[in-house]
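Step one of this worksheet: look at the structure below.
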Amino acid sequence: MAEQARVLIVDDNEADRALLEAHLSRDGFETEAAADGVEGWAMLDAHPDRYDLVLLDRTMPRMDGLELLARMKSDHRFLILPVIFQSALVSREEVIEGIRAGAYYYLTKPYDTEMLLSVVRTAATDRAAARELQHRVKRGMQVLQLLEEAHFTYRTIEEARGLAAVLATACPDAEATVIGLTELLVNAVEHGNLGITYDDKSALLAEGAWAQEVARRLELPENRGKRVDVEFCRGDNELRFTIRDRGNGFEWTRYFEIDPRRAFDRHGRGIIMARHVSFSSIEYRGTGSEVVATVRCGAPA
């Protein structure tokens with residue numbers, strides 16, 4: 020999927036644009052380019068479904084990267100479109116500012132080719148996964164919008180993804196909710212029941228062995244009986260998802276707020292994205308083995 024992704028490069032430096040296009044094209048990506056934020060917005064606005072990710076320079080004339088990013092994230096069409104921010108100097112404050120604006124991927128200039136391709140591949144893979152989740156939602160049964168209360172259990176990551184796609188259809192904005200709901204349900208298996216830590220996942224992704232390790236741990240005797248419980252409840256003005264795993268919990272406070280040190284990692288954005296894109300609120304309880312995610316709805320007529 021990633022090799023077919025279309026990247027919009029927005030950079031006022033002609034030489035940098037040409038270099039980025041050359042590197043990405045050789046790696047199988049389709050590329051288009053804009054010379055500044057104004058031109059980039061015009062291309063996005065004219066073709067909102069055309070691009071899989073945006074590679075965005077921070078400092079540009081007419082409309083800089085932050086201005087374009089703010090415009091994108093205020094438009095529902097681009098709410099979950101991945102944006103990679105690139106900048107010559109990235110301070111902690113700049114990273115925080117960018118993440119708050121909606122840029123969850125970063126490149127620091129100058130960067131080597133492998134770093135560039137690694138970040139772009141990660142963003143493209145995340146985008147492909149989000150598209151697949153949205154397709155599942157569209158195929159889902161809208162009758163769930165009538166659901167008042169329900170209890171579900173599941174064991175595997177694939178079951179988590181399928182359940183998220185179904186439950187999201189109960190929400191007013193299913194395509195936004197499914198992204199965060201999938202993250203929380205998958206986390207309950209991966210980090211909760213199976214005990215895969217952040218550092219474990221970093222190493223497994225680097226080795227290309229994450230899926231194999233998940234499958235191995237699922238079959239360990241101590242994990243075979245572990246399930247995740249999900250309770251759904253519809254209130255007057257909100258929908259509430261309560262998710263409980265059988266793990267020992269985790270230091271959820273480390274991932275609940277913005278941490279610039281993780282902006283360059285290949286993973287670790289899920290909870291932040293869920294908070295900003297998918298839910299009105301997220302509350303971890305106790306050690307972190309239970310989380311309550313809430314979607315606020317309009318008051319009934």
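Reminder that position 279 of the sequence shown reads as 298 in my numbering, one-by-one numbering, no gaps.
The C-beta atom is built at its ideal place from N, Cα and C for all residues, glycine as well.
As the structure is a computational prediction, the values presented were derived from the model and not from experiment.
Separation of A37 and R146 (C-alpha to C-alpha, rounded to the nearest whole angstrom) is 24 Å. Note that the C-beta distance between Y303 and I291 is not below 9 Å.
A contact is defined here as three or more CB-CB pairs under 8 Å, and the segment 174 to 186 fails this definition with respect to the segment 55 to 64.
Under DSSP, H170 forms a beta bridge with E250. Unbroken beta strand (DSSP E) stretches of 3 residues or longer found wholly inside the segment 254 to 317: 257 to 263, 300 to 304 and 309 to 315, given in chain order. Under DSSP, R25 forms a beta bridge with E49. The straight-line gap separating the alpha-carbon atoms of Y70 and A193 is approximately 21 Å. For D76, the enclosing beta strand (DSSP E) begins and ends at L72 to D76. The segment 304 to 317 and the segment 256 to 265 touch, with no fewer than 3 CB-CB distances between them shorter than 8 Å. Distances from the CA of V139 to each of R45, H95 and G268 were compared; the closest alpha carbon is that of R45. Counting the other Cβ atoms within 10 Å of the Cβ of K92 gives 16 or more, which makes it buried. Within 10 angstroms of the beta-carbon of T141 lie 16 or more other beta-carbons, which makes it buried.
When C-alpha distances from T196 are compared across V310, A187 and A143, the shortest belongs to A187.
L100 is not a Cβ neighbour of V29, given a cutoff of 9 Å.
For the segment 184 to 234, the full-length alpha helix (DSSP H) segments reaching 4 residues or more read 193 to 206 and 217 to 226 along the chain. Residue state for I99 is assigned as coil, using DSSP reduced to three classes. Pairing R90 with E113 gives a Cβ-Cβ distance that is not under 9 Å. For K245, the CB contacts under 6 Å within the same chain, skipping 5 residues up- and downstream, are N212 and R265 in chain order. For E309, the closest of A143, F104, V208 and E133 by C-alpha to C-alpha distance is V208.
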